[in-house]
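Colleague: In the numbering used here, the protein residues as written are 106 to 226.
All C-beta atoms, glycine included, are put in the ideal place defined by N, C-alpha and C.
Just passing along the structure, written as structure tokens.
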């Protein structure tokens, strides 16, 4: 997997999703496989705490290392800028992502519920 920041890629549907997020402050990573983008993520840092968010991998590239490469890339960038603690959130029904995060050392600390469905928030 190649991990690189980018702005010059051909725009696909999933890249349009990413471009809608770009105006938010933070660091972005795009993961490529065989020269093609297959996932992206964003991190923000406040003090020594790194927040991983907007983590997404195209379905056909899940369970083959793209998610691991993405998260490790974001964590590495965070460490280089002074973060020593990281957190993320995940939907309770996203068991596959929860297993990935646990493998990478994340643990559940608390749970909360949305008052409005996420897609309407």
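Assign residue 214 to one of three DSSP states: helix, strand, or coil.
Modeller: Annotated three-state conformation of residue 214 is coil, per DSSP.
Colleague: From residue 180 to residue 155, what distance separates their C-alpha atoms?
Modeller: Taking the straight line joining both Cα atoms gives about 8 Å.
Colleague: Could you tell me the boundaries of the alpha helix (DSSP H) in which residue 160 lies?
Modeller: Premise fails: residue 160 lies in the beta strand (DSSP E), 154 to 162, not in any alpha helix (DSSP H).
Colleague: Considering only C-alpha positions, which residue in the set 139, 215, 131 is nearest to residue 171?
Modeller: 139
Colleague: Please list, in chain order, all residues of the same chain as residue 191 whose beta carbon is under 7 Å from its beta carbon, the five residues on each side excluded.
Modeller: 155, 157, 180, 183
Colleague: Taking residue 164 as the reference, which of 151, 153, 144 has the closest Cα?
Modeller: 144
Colleague: Select from 204, 188, 196 the residue whose C-alpha is nearest the C-alpha of residue 132.
Modeller: 188
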